[in-house]
Every structure is written in C-alpha cells, then in structure tokens.
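2 protein chains.
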Amino acid sequence: MTFTVTILGSSSAKPAYDRHPSAQILQCGDDLYLIDCGEGTQMQMQRFNINPFKITHIFISHLHGDHYLGLLPLLDSLMLNNRTKPLYLFAPEDCMRAIVLHRQISAHNYQPDYELIFKPTQAQAPEVIVDNNHLTVTTLPLQHGLPCTGFLFKQKQADRKMIGAAIEKYRIPYHLIPDIKKGADYTTPQGKVIPNNLLTTLPPAPLSYAYCSDTAYSEPLIPLVKGVDVLYHESTYLSDMQEVAPLRGHSTSIDAAKIARAAGVGKLFLGHFSPRYDRLHHYLHEARPFFPDTYLATEGLVINIAGN
Amino acid sequence: MTFTVTILGSSSAKPAYDRHPSAQILQCGDDLYLIDCGEGTQMQMQRFNINPFKITHIFISHLHGDHYLGLLPLLDSLMLNNRTKPLYLFAPEDCMRAIVLHRQISAHNYQPDYELIFKPTQAQAPEVIVDNNHLTVTTLPLQHGLPCTGFLFKQKQADRKMIGAAIEKYRIPYHLIPDIKKGADYTTPQGKVIPNNLLTTLPPAPLSYAYCSDTAYSEPLIPLVKGVDVLYHESTYLSDMQEVAPLRGHSTSIDAAKIARAAGVGKLFLGHFSPRYDRLHHYLHEARPFFPDTYLATEGLVINIAGN
Numbered sequence: 025m026t027f028t029v030t031i032l033g034s035s036s037a038k039p040a041y042d043r044h045p046s047a048q049i050l051q052c053g054d055d056l057y058l059i060d061c062g063e064g065t066q067m068q069m070q071r072f073n074i075n076p077f078k079i080t081h082i083f084i085s086h087l088h089g090d091h092y093l094g095l096l097p098l099l100d101s102l103m104l105n106n107r108t109k110p111l112y113l114f115a116p117e118d119c120m121r122a123i124v125l126h127r128q129i130s131a132h133n134y135q136p137d138y139e140l141i142f143k144p145t146q147a148q149a150p151e152v153i154v155d156n157n158h159l160t161v162t163t164l165p166l167q168h169g170l171p172c173t174g175f176l177f178k179q180k181q182a183d184r185k186m187i188g189a190a191i192e193k194y195r196i197p198y199h200l201i202p203d204i205k206k207g208a209d210y211t212t213p214q215g216k217v218i219p220n221n222l223l224t225t226l227p228p229a230p231l232s233y234a235y236c237s238d239t240a241y242s243e244p245l246i247p248l249v250k251g252v253d254v255l256y257h258e259s260t261y262l263s264d265m266q267e268v269a270p271l272r273g274h275s276t277s278i279d280a281a282k283i284a285r286a287a288g289v290g291k292l293f294l295g296h297f298s299p300r301y302d303r304l305h306h307y308l309h310e311a312r313p314f315f316p317d318t319y320l321a322t323e324g325l326v327i328n329i330a331g332n
Numbered sequence: 025m026t027f028t029v030t031i032l033g034s035s036s037a038k039p040a041y042d043r044h045p046s047a048q049i050l051q052c053g054d055d056l057y058l059i060d061c062g063e064g065t066q067m068q069m070q071r072f073n074i075n076p077f078k079i080t081h082i083f084i085s086h087l088h089g090d091h092y093l094g095l096l097p098l099l100d101s102l103m104l105n106n107r108t109k110p111l112y113l114f115a116p117e118d119c120m121r122a123i124v125l126h127r128q129i130s131a132h133n134y135q136p137d138y139e140l141i142f143k144p145t146q147a148q149a150p151e152v153i154v155d156n157n158h159l160t161v162t163t164l165p166l167q168h169g170l171p172c173t174g175f176l177f178k179q180k181q182a183d184r185k186m187i188g189a190a191i192e193k194y195r196i197p198y199h200l201i202p203d204i205k206k207g208a209d210y211t212t213p214q215g216k217v218i219p220n221n222l223l224t225t226l227p228p229a230p231l232s233y234a235y236c237s238d239t240a241y242s243e244p245l246i247p248l249v250k251g252v253d254v255l256y257h258e259s260t261y262l263s264d265m266q267e268v269a270p271l272r273g274h275s276t277s278i279d280a281a282k283i284a285r286a287a288g289v290g291k292l293f294l295g296h297f298s299p300r301y302d303r304l305h306h307y308l309h310e311a312r313p314f315f316p317d318t319y320l321a322t323e324g325l326v327i328n329i330a331g332n
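Respectively, the protein sequence lines represent chains R and W.
Here the first sequence stands for residues 25 to 332, numbered as in our numbering.
Here the second sequence stands for residues 25 to 332, numbered as in our numbering.
Structure (structure tokens):
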C-alpha cells in the first residue's frame, strides 16, 4: 500500500525564496491526509498534481497563521467544486470559530454539500484521534507557547501472507483463508492440525511517520516517536540562533538531530526553514554529525516511508 | 508622478492554470495601494518584486474569500517584519472581525508595532474615502449579492508648470512661484500685471483608474466611471454563460465592453477569469467588437495609466 509524504511547504512564519508555509500530504493507499495548511496550500497542490478531492482528513498542528490560513480558501474551493464526501478536520478548538466566522461574513447563501466533521484536539497528552482499517493517528504534544500538537501516523499490522503452495498442498477451503491470514492454524478433514507458520509468512512491518512542527527541543517527545521510520522535525534555525530558538518555541537542526538520535528513528527530514537563511545546505552540515540519515524536506519532495 | 497598476491576481473564485485570486497594486508616486488581497498575494508580491512595506492603503472590495483571505497572512508578515508605519484598511465592516479573531486565536503575545487604521466601507452610495495631496479614492457600489464596492482612483489636478524663461524675463522672486503655479498673476515692482498664461503652461490632465470587481452588468456604474483613463472590469465569463452570469453576480466580457463603451473610457482591462476557461484569447475576441481598446489583465502586467 502506498505510504508516502509529499512536502508542499517548507518555510517558517513568512514565505521566502519561493518557499511556502507549512503543508504536507500523507498518502495512505488511495486516501490523502493533509497535514497543516498554510497560505497557498491549494496552489501548491495544483503545482504538484495532488487532487484535493481525495483528501479525507485534515490535521492542523496549531493556529499560527502559517499553519492554518490556507484552510479557509481550500474549504471554499471544495465547496465551489461541489464536494460531497465528508471531510474530517482535526485542529485546536478555535479553528472552527475561524471557519464559522468566514462562512458567515462571506455570506455564501448555500452550505457546502459535504459534511465537515470537526474533532478538536488537545495538547496536554497524546491521544489516538484516528483508528481505521489502515492506520492510527496519535497526537504528539509539542512545546510552542500555545496549544500545538504533532501527529504520529502508524500503519496497522497487515495480515500474514498466505503461502500459495500450502493452499494447494493442504487443499484449504477458500472461506478459511481470512482466519489463517490472521494467524489461525488449519485442521484438515482428517483432524490433522497444520500450524500457521507452515501456511503463512510474516507481512511487512507496519510503517510509521511522525510530524513534529513547531516545537522547542522537547525531551518528552523522544519516547513518543521512538523507532518511527521517518521523523519530520522542524528546524527553524541553525546553531547561530541556538539561544533564541527555545525562547521562540523553535528548534535548531542540531536539536532535531538529537531527538532523531535519541529516538532511534530511521530517517530525519528537516523543514520550517527561517527566512533568515537563503541557502539550506548548512542545515545538513550541522545536523549530520549528530544524525547522519538527515535530509531536507524541500517542496515537491515525495518521501517513500517504506525506505528507499 | 508614477501612476501604474500591477496585476497580481486574475482568477475568479478558485485558483487555476497558475492564475491567482484577485489582487492589484496601484503605485502612486512612492506609495503603494493594494486593491483586494486574495490568497497568495504576498507571494505574488515577492514574485513581482513589490515591497509590501511601501503599502500605505489596502482596499477590499468585498468579503468573498478570493478577495480577502490573503489579508490575514499579509498583516502577520508585516507584524513579524516589525513594520511601524501606520496602515489604512478600507473594507466592509466584518473584515475587522476576521482580523480580530485571527489575532486572538493565533495567540500572538505581542500587538503589531504598526497601527492598523480601519475604515469600514458601505455599498449603498459612492463615497470619497481618501482625499490626500495626490488623489481621491471613491467607492463604486457594485451588484454582487453582498455588499461590494469598486474603487475609483483619481489624481488631483497638478499645479500649472512654470515657464523657465518667464521667471528670468520678469525676474520673479522665488517665494511667489508656488502661488503662480496655482494660477496667480504676477505684479511687477512697477505695478504691471503679467497674466498667468504668460508665466505657466497647463499641467498634464489628472489621471484616473477604476477597479470594478465583482459585479453583474450594472448600468448605474456607467456615469461613475465616465471618461476614466483605464477601467478594470471583471469578466468572469464568456458569452456561453451570459444567462448564468447575472444570477451569479458576474459579468461576461461583452458586458464589460458595453460598460466601457457607454462610459467612454480610455482603455478596458478584463480580469477575474473563470477556471472554466483555460485559454483567454476568447475574452478579447468577444469584447473587442464592442470596445476595441480591450486588453487582458494578466498577472505581472504593469499598466501605465498615463497611456502608452
């Protein structure tokens, strides 16, 4: 099953150098999950050929403008394009006030044809906010001076894989296969028990992606993202700003690398780059001594979580 | 004095084909006047090298998202960049509610260093909303199903121009020149009156620009934009949509051309193009039989109102 992240925005606070505010698309099978939605997100989706109609869930980390002000125009466009499929929105409580006020003052005479199912988030403790056939999504409390959560996307353990030759050998009836995939043994008509490990193989390990923006260096985050395949961690600043960063609720690239190392993640992607910096290679130079598998989450990049 | 319009957005409702929602910059001398501010306006300013710090006035025609949702992130950026110069905002009353709510929920711990001077507009009757040394700005009530105004920008009549040779010939004292530029005659020490028309020449005629978006075809608009040098008039649709256009509060390119012809304007620029249409040349093909001096207000275009 497809499990990729497309970076739509990489800039912090203000757009600069053709870098846009935060937004990412997680594709999980046929569903698209939009993570944060800064100004211009719908244009970035057009640029990178992402169909907004396929978005099933939207996750907003916090209500600074560069993380949510693209949401109102995106919702308008979905309405104008006559979307009918329900849309889940996970965001801090006040987000809905902005949506309601905009709908009220823009005086659209019609309600959208789609249902917007709003689920307020809280930033006190991790919480499972999505649990469906494909994955769970858990909030990650961050340290940013206002309620702010990251999101951990974790695939469900897939069923074990049937060994084709075993089906033939033991003449297993088709209707028993779903149970065997879930781990059941097979008992032949003669009463002989064939253990599951002769019938199936292990499925691929479930993949996980953690999105952490915006936050100061946060030790409590480490156990929450332990062992994820890919960690996206904000790195607004370089080390020249290491004293200012925590005061502003942000991290340096070294902070991000230390989190990645302590959590033993697979790969680290850096983003939310400050307009202070035109060129980005210094982020890697500073982070890689602490965590070698570090990369830049530049716009248009598609990260295959299965590893490459 | 510079008097130009730069087109930042040309799309209606939804962005499409790399066309952005409505926004224009009127440059008047050193001041920039921003007219409408759809999503992505600050990025378009970066793209076309326009310094947002030079904006002195912002005018919002109405509160559909494609005309105002770029305002909140632009104001955020001005704050983050430590703007101190006051900023005038002319917009329907509810616009300020959106700004106040955003400031409240985004929990910025600091107020901007600049004063935002908000002046609510009304759409019942034309009203002079700016009257300074350079120009007047008058609202133009439009027909769009919710309060919506265009804006007429009219330069002040400049002073008459001194004839250099006359200053020398009559040995006119320097301190009298400002009055003579305003039309006064000159009386020599011998008591001889030199009439002003021997001392000065006519200044250039004051220029005018009218911005009309969004509106159905509106006859009452004609006398209000009579004789303007440049008329920008929305033309969301082509004639295939002529029956739907007024129901949606929009115009066709032929509607716009008829307004331009009836008002005897200098040039007509069309914009606010529907995402229905990929290519734009049909707008000109349909409009020019009714008003030959018709052009497309495409993004990046700089219109010199003095004519070219």
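Every residue gets a Cβ at the ideal spot worked out from N, C-alpha and C, and that includes glycine.
Which residues does DSSP list as the beta-bridge partners of Glu-258 of chain R?
The sequence position of residue 258 of chain R within the first sequence is 234, counting from 1. Answer is R:Gly-295, bridged to Glu-258 of chain R.
Roughly how many whole angstroms lie between the Cα atoms of Met-14 of chain W and Thr-26 of chain W?
Outside the modelled stretch of chain W, which goes from 25 to 332, sits residue 14 of chain W, for which no answer is possible.
Whole-angstrom distance between Ser-298 of chain W and Ala-269 of chain W, CA atom to CA atom
Reading the second sequence from its first residue, position 245 is the one you call residue 269 of chain W. Reading the second sequence from its first residue, position 274 is the one you call residue 298 of chain W. Roughly 11 Å separates the two Cα atoms.
Could you tell me if Leu-58 of chain R is buried or exposed, where buried requires 16 or more neighbouring beta carbons within 10 angstroms of its beta carbon?
Sequence index remark: in the first sequence, residue 58 of chain R carries index 34 (1-based). Leu-58 of chain R comes out buried.
What residues in the stretch 101-113 of chain W bring their beta carbon closer than 8 Å to a beta carbon of chain R?
Ser-101, Leu-104 and Asn-105
Name the two residues that bound the continuous beta strand (DSSP E) containing Thr-322 of chain R.
Residue 322 of chain R sits at position 298 when you count from the first residue of the first sequence. Unbroken run through Thr-322 of chain R: none, as it is neither H nor E.
As assigned by DSSP and simplified to three states, the class of Leu-140 of chain W:
Along the second sequence, one-based indexing puts residue 140 of chain W at 116. Note: Leu-140 of chain W maps to strand in three-state DSSP.
With the cut-off set at 8 Å, would you say Ala-190 of chain W and Leu-222 of chain W are in Cβ contact?
Against the second sequence, residue 190 of chain W aligns to sequence position 166. Against the second sequence, residue 222 of chain W aligns to sequence position 198. Going by C-beta atoms, Ala-190 of chain W is nearer than 8 Å to Leu-222 of chain W.
For the alpha helix (DSSP H) that Pro-97 of chain W lies in, which residues bound it at each end?
Position 73 of the second sequence, counted from the start, is the residue given in the question as residue 97 of chain W. Element bounds for Pro-97 of chain W: 95-104.
For Ser-341 of chain W and Asp-118 of chain W, what's the separation of their Cα atoms in angstroms?
The structure shown does not extend to residue 341 of chain W, since chain W spans only 25 to 332, so no value can be given for it.
Whole angstroms is fine: what's the gap from Arg-71 of chain R's alpha carbon to Ser-232 of chain R's?
As a first step, residue 71 of chain R is located in the first sequence; it is residue number 47 there, counting from the start. As a first step, residue 232 of chain R is located in the first sequence; it is residue number 208 there, counting from the start. Answer to the nearest angstrom: the Cα atoms are 27 Å apart.
Note the first and the last residue of the continuous alpha helix (DSSP H) segment covering Leu-308 of chain W.
On the second sequence, residue 308 of chain W is found 284 positions in, with the first residue counted as 1. Per DSSP, Leu-308 of chain W belongs to the alpha helix (DSSP H) from 305-311.
Alpha carbon of Pro-110 of chain R to alpha carbon of Leu-93 of chain R, nearest angstrom
Working through the first sequence from its first residue, we reach residue 110 of chain R at position 86. Working through the first sequence from its first residue, we reach residue 93 of chain R at position 69. If I take the Cα positions, the gap works out to 21 Å.
Members of the stretch 28-59 of chain W near chain R, C-beta cut-off 9 Å:
Ala-37, Lys-38, Pro-39, Ala-40, Tyr-41, Asp-42, His-44 and Pro-45
Residues within the stretch 122-142 of chain R neighbouring chain W, beta-carbon criterion of under 9 Å
Ala-122, Leu-125, His-126, Gln-128, Ile-129, Ser-130, Ala-131, His-132 and Asn-133
Positions along the stretch 57-77 of chain R whose CB lies within less than 7 Å of some CB in chain W:
Glu-63, Gly-64, Gln-66, Met-67 and Gln-70
Do three or more CB pairs link the stretch 297-314 of chain R to the stretch 193-207 of chain R at distances below 8 Å?
no
Whose C-beta lies closer than 7 Å to the C-beta of Gly-62 of chain R among residues of the same chain, with five residues either side of it excluded?
As a first step, residue 62 of chain R is located in the first sequence; it is residue number 38 there, counting from the start. If the five residues before and after Gly-62 of chain R are omitted, its C-beta is found closer than 7 Å to the C-beta atoms of Gly-33, His-44, Pro-45, Ser-46, Ala-47, Asp-90, His-91, Leu-93 and Gly-94, all from its own chain and listed in chain order.
Short of 7 Å in beta carbon distance, which residues of its chain neighbour Gln-167 of chain R, apart from the five on each side in sequence? Order them along the chain.
Working through the first sequence from its first residue, we reach residue 167 of chain R at position 143. Closer than 7 Å at Cβ, skipping near neighbours: Thr-239, Ala-240, Ser-242 and Gly-273.
Is the stretch 245-263 of chain W close to the stretch 275-285 of chain W, with three or more CB pairs under 8 Å?
yes
Counting only Cβ pairs nearer than 7 Å, list the residues of chain W close to Pro-270 of chain R.
Your numbering for residue 270 of chain R matches position 246 in the first sequence. Near Pro-270 of chain R there are no residues of chain W at all, since even the closest Cβ is about 15 Å away, more than 7 Å.
Closest to Phe-293 of chain R by CA distance: which of R:Asp-317, R:Glu-310 and R:Lys-282 is it?
Here residue 293 of chain R refers to the residue found at position 269 when the first sequence is read from its first residue. The candidate whose alpha carbon is nearest that of Phe-293 of chain R is R:Asp-317.
Limits of the alpha helix (DSSP H) - the one that Asp-90 of chain W falls within
Within the second sequence, residue 90 of chain W is the residue found at index 66, counting from 1. Residues 89-92.
Could you say which of R:Asp-253, R:Ile-201, R:Tyr-194 and R:Pro-228 lies nearest to Gly-340 of chain R if we only look at CA atoms?
The requested residue 340 of chain R does not occur in the structure, where chain R is confined to residues 25 to 332.
By how many angstroms is the C-alpha of Ile-129 of chain W removed from the C-alpha of Ala-122 of chain R?
Residue mapping note: residue 122 of chain R aligns to position 98 of the first sequence, counting from 1. Residue mapping note: residue 129 of chain W aligns to position 105 of the second sequence, counting from 1. Computed Cα separation, rounded: 9 Å.
Taking the alpha carbon of Ala-330 of chain W as the reference point, which residue from W:Glu-267, W:Ala-229 and W:Lys-250 has its own alpha carbon closest?
As a working note, residue 330 of chain W is residue 306 in the second sequence. Minimum Cα-Cα distance from Ala-330 of chain W among the listed residues W:Glu-267, W:Ala-229 and W:Lys-250 corresponds to W:Ala-229.
Reference Asp-42 of chain R, options R:Asn-328, R:Ile-327 and R:Glu-323, closest by Cα:
The residue you call residue 42 of chain R lines up with position 18 of the first sequence. Nearest of R:Asn-328, R:Ile-327 and R:Glu-323 to Asp-42 of chain R, Cα basis: R:Glu-323.
Compare the C-beta of Gly-94 of chain W with all C-beta atoms of chain R and state if any pair is closer than 8 Å.
If you number the second sequence from 1, residue 94 of chain W lands on position 70. For Gly-94 of chain W, the answer is yes, since a Cβ of chain R falls inside 8 Å of its Cβ.
So that I know if they touch, is there some Cβ in chain W lying closer than 8 Å to that of His-274 of chain R?
Your numbering for residue 274 of chain R matches position 250 in the first sequence. His-274 of chain R has a beta carbon lying at 8 Å or more from every beta carbon in chain W.
Expressed to the nearest angstrom, what Euclidean distance is found between the alpha-carbon atoms of His-81 of chain R and Pro-202 of chain R?
Indexing the first sequence from 1 puts residue 81 of chain R at position 57. Indexing the first sequence from 1 puts residue 202 of chain R at position 178. So the alpha carbons of these two residues sit roughly 29 Å apart.
Compare the C-beta of His-158 of chain R with all C-beta atoms of chain W and state if any pair is closer than 8 Å.
In the first sequence, counting from the first residue as 1, residue 158 of chain R sits at position 134. So, not an interface residue.
Buried or exposed: which applies to Ala-252 of chain R, given that a residue is buried once 16 or more other Cβ atoms fall within 10 Å of its Cβ?
Position 228 of the first sequence, counted from the first residue, corresponds to residue 252 of chain R. Per the sequence shown, the amino acid found at residue 252 of chain R is Val instead of Ala. Buried, since its Cβ has 16 or more Cβ neighbours within 10 Å.
Within its chain, find whatever has a CB closer than 6 Å to the CB of Gln-10 of chain W; leave out the 5 residues flanking it on each side and keep chain order.
A question about residue 10 of chain W goes unanswered here, because the residues of chain W that appear run from 25 up to 332.
Look up Phe-77 of chain R in the DSSP assignment and say whether it is helix, strand or coil.
Position 53 of the first sequence, counting from 1, holds the residue named residue 77 of chain R. Of the three classes helix, strand and coil, the one that applies to Phe-77 of chain R here is helix, per DSSP.
Against Leu-87 of chain R, what residues of chain W qualify as contacts under a CB-to-CB distance less than 8 Å, listed in chain order?
Numbered from 1 along the first sequence, position 63 holds the residue referred to as residue 87 of chain R. Ile-129, Ser-130 and Ala-131, listed in chain order.
Taking only runs that begin and end inside the stretch 221-259 of chain W, name each unbroken beta strand (DSSP E) of 3 or more residues, in chain order.
232-236 and 254-258
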